[in-house]
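Here's the structure, in structure tokens; my notes come after.
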Amino acid sequence: MELKIVLFGLLLSLLSLNGVQSDCNYFRNLDAGQTYYVYNKEFPEWYEGINQCVWQMTSFNIVKLNCSIEIEPMTPNCFQDNFSIQFDRGNTIRYCGYKTFTLIGMNPTIRLNSFSNYSKGRFLCQIYASNNDNCQCGWKKVTRIVGGSETEVNEYPMMAGLVDYMKRDIVCGCTIISKQYITTAAHCLEQIQNINNFGIVVGEHDLKTGKY
Numbered sequence: 325m326e327l328k329i330v331l332f333g334l335l336l337s338l339l340s341l342n343g344v345q346s347d348c349n350y351f352r353n354l355d356a357g358q359t360y361y362v363y364n365k366e367f368p369e370w371y372e373g374i375n376q377c378v379w380q381m382t383s384f385n386i387v388k389l390n391c392s393i394e395i396e397p398m399t400p401n402c403f404q405d406n407f408s409i410q411f412d413r414g415n416t417i418r419y420c421g422y423k424t425f426t427l428i429g430m431n432p433t434i435r436l437n438s439f440s441n442y443s444k445g446r447f448l449c450q451i452y453a454s455n456n457d458n459c460q461c462g463w464k465k466v467t468r469i470v471g472g473s474e475t476e477v478n479e480y481p482m483m484a485g486l487v488d489y490m491k492r493d494i495v496c497g498c499t500i501i502s503k504q505y506i507t508t509a510a511h512c513l514e515q516i517q518n519i520n521n522f523g524i525v526v527g528e529h530d531l532k533t534g535k536y
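In my numbering, the protein residues as written are 325 to 536.
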């Protein structure tokens, strides 16, 4: 595995973003099977003062981030000085304090925001773009297709169901696409207000017999 230590190339097209320093904005296409590092430009020393920096990454593969941060918290809940990660237009996860964590997702964007002349901190992230192409999604338990007939028990093991715990019912079908991810139709998620009220059932064949 080839190792790449980079601070990323400057992304000129992002320099017009409001509130982002023109010399602190980076972009990188991640190659599968390679490891990268993202860190504050002073690392291993601490940054000081006001910083608003962005590291944007794209990849066709799942990306794993192992990060270690040391950021002096200026406010509760990390609303002022923070280190944040967002995957593929998803929710932004903010961190501050002294932490080590691992995250997995697609197309991560890392942001460093410090708003005071008294701010200080440092961070280091190891980033790995998976090259796993051994997807077993869609495998069948048997090697035949019977059109129009009921499938055998667990004949298509990638099939799953989205369960509403409050209704005690399966509300949508799902498909297992990896060891960590399941996909379903967009309309199945539009009205969800609390994701903790939902779960996934796998290995079910007869919906009349299951309890959720």
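Here a beta-carbon is modelled for each residue, glycine too, at the ideal position from N, C-alpha and C.
Item	Value
Local conformation of N415 per DSSP, three classes	coil
Beta-carbon spacing of E396, G445 below 7 Å	yes
A271 burial status per 10 Å Cβ neighbour count (16 or more: buried)	Past the edges of the chain, shown from 325 to 536, lies residue 271, and the structure says nothing about it.
Close beta carbons around I386, own chain, < 7 Å, minus the five adjacent residues each side	I428, M430, S454
Cα-Cα separation between G421 and N441, rounded to whole angstroms	18 Å
Where the beta strand (DSSP E) containing T399 begins and where it ends	Run containing T399: none; DSSP gives neither H nor E here.
I494 in three-state terms, based on DSSP	strand
Whether Q504 touches Y361 by CB criterion (7 Å)	no
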